[in-house]
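Reading the sequence shown from the start, the letters are residues 1 to 393 in the UniProt record's numbering.
Each residue gets a CB set at the ideal place from its N, CA and C atoms; glycine is no exception.
Predicted, not measured: the structure shown is a model, and the values here were computed from it.
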Amino acid sequence: MSFASVKVKNLPPYLFSSFQQKKKELEADGVDVIDLGIGAPDLPAPSFVVDRLAEEAKYAANHRYSTYSGCAEFREAVAHFYKSEYDVDLNPETEVLALIGSKEGIANLMHAVIDPGDTVLVPDPGYPVYRTAVQLAGGVSSPLPLDHSNGYVPLYEQAGQDVMNRAKMMLLNYPGNPTAATVKFDTFLEAIAKAAKHDMLLVHDAAYDMITFNDYEAPSVLQVPNAKDRAVEFGSLSKSFNMTGWRIGYVVGNAEVIKALATLKSNMDTSQFLPIQKAAAAALRSNFSAVEEHNRIYRARMEKLHSGFRELGIRADKPNGTIFLWAQVPDGYSSMEFADKLLNEAGVIVTPGHAFGSRGEGYFRVALTVSEDRLDEVVARMKKLDIKEGSRP
Ligand SMILES: *Cc1c(COP(=O)(O)O)cnc(C)c1O
1 MSFASVKVKN
11 LPPYLFSSFQ
21 QKKKELEADG
31 VDVIDLGIGA
41 PDLPAPSFVV
51 DRLAEEAKYA
61 ANHRYSTYSG
71 CAEFREAVAH
81 FYKSEYDVDL
91 NPETEVLALI
101 GSKEGIANLM
111 HAVIDPGDTV
121 LVPDPGYPVY
131 RTAVQLAGGV
141 SSPLPLDHSN
151 GYVPLYEQAG
161 QDVMNRAKMM
171 LLNYPGNPTA
181 ATVKFDTFLE
191 AIAKAAKHDM
201 LLVHDAAYDM
211 ITFNDYEAPS
221 VLQVPNAKDR
231 AVEFGSLSKS
241 FNMTGWRIGY
251 VVGNAEVIKA
261 LATLKSNMDT
271 SQFLPIQKAA
281 AAALRSNFSA
291 VEEHNRIYRA
301 RMEKLHSGFR
311 ELGIRADKPN
321 GTIFLWAQVP
331 DGYSSMEFAD
341 KLLNEAGVIV
351 TPGHAFGSRG
361 EGYFRVALTV
371 SEDRLDEVVA
381 RMKKLDIKEG
391 SRP
């Protein structure tokens, strides 16, 4: 007798677990493994946010259940953030919902919007949670192809006319994980037009909205006129404020979708701990100097690794955002072969591109979540490998 459900058994194996297992083995052998695999910031949350959490934790009133949708202070701070950053008006009562991290929200959104058999377009390559969330809700995910040749802007034609007509929902993510691609506003204009033409919901995951470099500013999909008719946008404090473990994010936009998700969630959770919501509100109302400081650090790391890769003959575009470098695997290797080689022969963990979808094959993702010294070490170790000749002729 097996107690695990078919649903759970059908989930794809968690790719990182095999790398993490090998990492443990290598470390037990005394290897100094450098982990550039998992996209979690290494820097601390800003101290004013930590201070606010500590202060709010002292009040008994904050130890009670939050309202299901998140406290007014948090939802108003999200609305304030959208007004000041994007000049987008949001009703904090009906168009903002607090989440226990955006991953939770994205996974539950599928159950709130998708019926069994519904088609959902997911970016390929893209964040793997999208596909598994659709699968868990009984939906069918269909790849929305992205390609280096046009800057990873959606290739709607290649998705197929049938699929475009059938799809109930389309997911996008810019600045993007894993590609680090950033887009101009017209990409969102086109996306909303496509969503309207094919009568689907557009879901934009803006997890890296504030992590940008070189004067690039990421647009919001809600800046498109009437976007709220058919779009929602997810946001998170995790990456921009180094608050991954705090589990606080939000979704904004279409009131019907927000209500459906809030109704579903009210049967599953009771929102996040109030002091965390209030500290996150303080972060969203801050002057973002902490975010700018983090961005300077990520950008310096990115420049360093990019030039190291160039010396090694490894091609990668210089991104304008995210905490990733998306690089081409040298000729002669599959993504998996190259990632294996880096781990076994250099003690460096990267994520093979195919983990993000079939169109990620031929690439690998590096998370810029270690110091510049460690990145120097990565390049030094890679220089000792004979990577110009692949394992296959
Ligand atoms: C990290 C990440 C998330 C999840 O963020 P949480 O708010 O911590 O759940 C969502 N989307 C993308 C693309 C991410 O990289």
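Quick test of your reading: residue i and residue j, contact by CB under 8 Å. State the CB separation rounded to the nearest angstrom.
i           : j    : result
T351        : I323 : The Cβ separation is near 13 Å, so there is no contact.
residue 401 : P175 : Outside the displayed range of the chain (1 to 393) lies residue 401, so it cannot be described from this structure.
L121        : V163 : 7 Å
L43         : H294 : 6 Å
H198        : A167 : 7 Å
W343        : K22  : Correcting the residue identity first, residue 343 is Leu in this sequence and not Trp. 6 Å between Cβ atoms; contact.
M110        : G70  : Incorrect: roughly 20 Å between the Cβ atoms, too far for contact.
I34         : R374 : 6 Å
E377        : S335 : No, E377 and S335 are not in contact; Cβ-Cβ is about 23 Å, not under 8 Å.
A290        : P12  : Between P12 and A290 the Cβ distance is about 36 Å, and since that is not below 8 Å, they are no contact.
residue 395 : A191 : With the chain represented from 1 up to 393, any question about residue 395 goes unanswered, as that position is not in the structure.
F288        : M200 : No, F288 and M200 are not in contact; Cβ-Cβ is about 33 Å, not under 8 Å.
A133        : L261 : Not really, about 12 Å apart at Cβ, beyond 8 Å.
L136        : K9   : Not confirmed; about 12 Å, so no contact.
A339        : Y363 : Not quite, the Cβ-Cβ distance comes to about 10 Å (not below 8 Å), so this is no contact.
How is residue i classed by DSSP in three states: helix, strand or coil?
i           : result
I349        : strand
P143        : strand
G249        : strand
L202        : strand
P275        : helix
V50         : helix
T119        : strand
E25         : helix
V8          : helix
T212        : strand
E157        : helix
V96         : strand
M288        : Checking the sequence, you will find Phe at residue 288 rather than Met. Residue state, collapsed to three classes: coil.
E217        : coil
M268        : coil
V232        : strand
M170        : strand
G332        : coil
G151        : coil
D376        : helix
I387        : coil
F74         : helix
Y65         : coil
G176        : coil
residue 412 : No information on residue 412 is available, as it lies outside the stretch 1 to 393 that the chain covers here.
N242        : coil
G357        : coil
L43         : coil
L136        : helix
T187        : helix
L109        : helix
Note down, in chain order, each residue of its chain lying with its Cβ closer than 6 Å to the Cβ of residue i, except the 5 sequence neighbours on either side.
i    : result
N177 : Y127
K228 : G253 and N254
Y156 : K194
W246 : I276
A54  : none
I297 : none
Checking the sheet assignment: what are the DSSP bridge partners for residue i?
i    : result
I34  : V348
A327 : A316 and F364
D124 : P145
G321 : T212
In its own chain, which residues sit with a C-beta less than 7 Å from the C-beta of residue i, not counting the 5 before and 5 after it?
i    : result
G357 : D124, P125, G126 and P143
S66  : T270, S271, Q272, L274 and Q277
F16  : G37 and I38
L189 : V224
K103 : V129
R301 : L368, E372 and L375
Is residue i close to chain B? Criterion is C-beta to C-beta, closer than 8 Å.
i   : result
H80 : Structure shown: chain B not included; a single protein chain is present.
Within a Cβ cutoff of 8 Å, which residues of the same chain sit near residue i, ignoring the five residues on either side of it in sequence?
i    : result
L237 : M243, W246, I248, G249, A280, A283 and L284
Y86  : P219, S220, L222 and Q223
R64  : L274
L264 : N108, H111 and A112
With respect to 7 Å, is the separation between the Cβ of residue i and the closest non-hydrogen atom of ligand 3 below this value?
i    : result
Y127 : Questions concerning ligand 3 fall outside what the structure shown contains, since the ligands it does hold are ligand 1.
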